[in-house]
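Numbered per this note's numbering, the sequence shown spans residues 1 to 218. Quick notes on the structure that follows.
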Amino acid sequence: MFALAALPIFLPRKNWKKGPLFLFGTGALLGLCVFDLLPDVFHQNGISGITFVFIVWVIYSLVHLFHSHQHKTRSNLSAYIFLTAISLHCFSSGLFFGFSDNLSSHLLRTLFIALLAHKVYESLAVSSLLVSYRRSLRWTVAMLTLYLLSFPAGVFFAQFFGKIINPLVFLVVSGLALGSLAGCLVFDFLLPSLTYIRRNLIQLGWFAAGVILTLFII
């Protein structure tokens, strides 16, 4: 999975910002949020989960709009917020899989294959967006590695500490992850993408491809 996720990192750097890779990753992340993460939060926590996500998104938006630091500082902060949010989501997926050990071997194998396919595609989208921050190759690989390790960390945590986890933890983790991720999606990826697409409508195809492919994979 790491080899596939790392593919965007080794593409020419001219594709690292506002190119097809960035637009495809933005569309894929939008699709993941709308078709996968939001329904998951609603299924697990109902209206209270969606409400908490909305509150986190509002707080993130206000902090972003009224942030007075320099652009570089803000860009660095948004990069770490994005990484933390998507890693929390991946960690919660690991928790879900770790708590599924009471299923039959057939169902457990099916669930594992489904999650693996989902995470491979998600990791491609994440790496496509991580490279848009135009940091060093070492930084990008390190951040991608931390993201990829968050899933097995969730499985490990569920196996060894599952009995002491309060159900409220799932509400908080999923809410913080999706609310922050939605904020990053809007301000760091969607708005810059739409501005770029408006100047070059042909690039809309890459954005649409990310959304549509996500719909079929999810």
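Quick reminder that beta carbons are idealized off the backbone N, C-alpha and C, glycines included. Treat the numbers as computed from the prediction; the structure is a model and nothing was measured.
- Of the candidates L176, S150, F160, L176 places its Cα closest to the Cα of S48.
- With respect to the C-alpha of L168, the residue from L29, Q44, G154 having the closest C-alpha is Q44.
- An exposed status is given to I212, since fewer than 16 other beta-carbon atoms sit within 10 Å of its beta-carbon.
- Cβ-Cβ separation between G205 and Y60: approximately 30 Å, too far for a contact (criterion under 8 Å).
- In this structure, L95 is the residue among L95, G25, A28 with its C-alpha nearest to the C-alpha of I164.
- Under the Cβ criterion (8 Å, minimum of three pairs), the region 146–161 does not count as touching the region 31–41.
- Annotation: R109 to S150 spans about 20 Å, alpha carbon to alpha carbon.
- Taking each of L178, F207, G179 in turn and checking the Cα distance to L191, the smallest one comes out for F207.
- In this chain, the alpha helix (DSSP H) harbouring V41 covers 38–66.
- Minimum Cα-Cα distance from F161 among the listed residues F99, I50, T26, Y80 corresponds to F99.
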